[in-house]
Ligand SMILES: Cc1cc2nc3c(=O)[nH]c(=O)nc-3n(C[C@H](O)[C@H](O)[C@H](O)COP(=O)(O)O)c2cc1C
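Residue numbers (the numbering used here): 27 to 252.
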């Protein structure tokens, strides 16, 4: 069983999974533990759909890919990525993406393979469970606190999963097609999709799962005032 520090340091995004299902009681335990995430005023703004039904996942993924094929770039409730990328974030994004493509020996100009890799998001990287996290639109109407709370909830899910040897990949790619997900799942009108997290057992033979993007140093990200 990993310590909290081990879980924090050992977790990394996995992008290839076996077809082994997560037992329901383990999934419930992970989500129950994540429910202990603190939130402002104990609002607990996360509204989670935990989907392990293969047909439902296929329907959502197919609907997103069909939308992309129509030339639609996003159909979303919230804008996740910066509209204007500035440094150092722009550079980190480029380095992280380039490192992954280098590992997978995908040429910078190989648009077809890169698109295929993006589509893999909507095939859930072969995982059998995906959680879709929504919040009430009223929570994010001229307020951002629910984003903070639901972001913390995301990390709680991924860390709790580590205890059971369950791996994960957070997905902003579904955020970009949040309205397609909502339509596919026929969620109530008051809900807006924030993100999804793929959960499952990593394919240990998959090269892509060895990717460990660099993290910035403590000095670069923290200002200590003693
Ligand atoms: C909110 C959020 C959205 C993300 N969206 C995607 C995604 O759509 N597809 C993907 O492959 N990885 C996605 N990632 C994973 C990041 O690329 C990854 O966390 C980052 O490169 C650091 O790598 P690590 O998770 O292995 O530490 C996302 C991560 C976060 C936190």
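Note that CB positions come from ideal geometry on N, CA and C, so glycine has one too.
No experiment lies behind these values; they were computed from the predicted model shown.
- Inter-residue distance for residue 148 and residue 250 is about 41 Å (C-alpha atoms, whole angstroms).
- It is roughly 34 Å from the alpha-carbon of residue 173 to the alpha-carbon of residue 138.
- In this structure residue 239 is in contact with residue 125, their Cβ atoms being roughly 6 Å apart against a cut-off of 8 Å.
- Under the DSSP definition of a beta bridge, residue 196 partners with 223.
- When DSSP states are grouped into helix, strand and coil, residue 167 belongs to the coil group.
- Proximity to residue 140 across 123, 98 and 37 peaks at 123, based on C-alpha coordinates.
- With a minimum length of 4 residues, the unbroken runs of alpha helix (DSSP H) contained wholly in the segment 77–107 fall at 80–95.
- Looking at the DSSP output, residue 242 sits in no beta bridge, so it has no partner there.
- In the assembly as shown, residue 40 is a buried residue. Its beta-carbon has 16 or more other beta-carbons within 10 Å.
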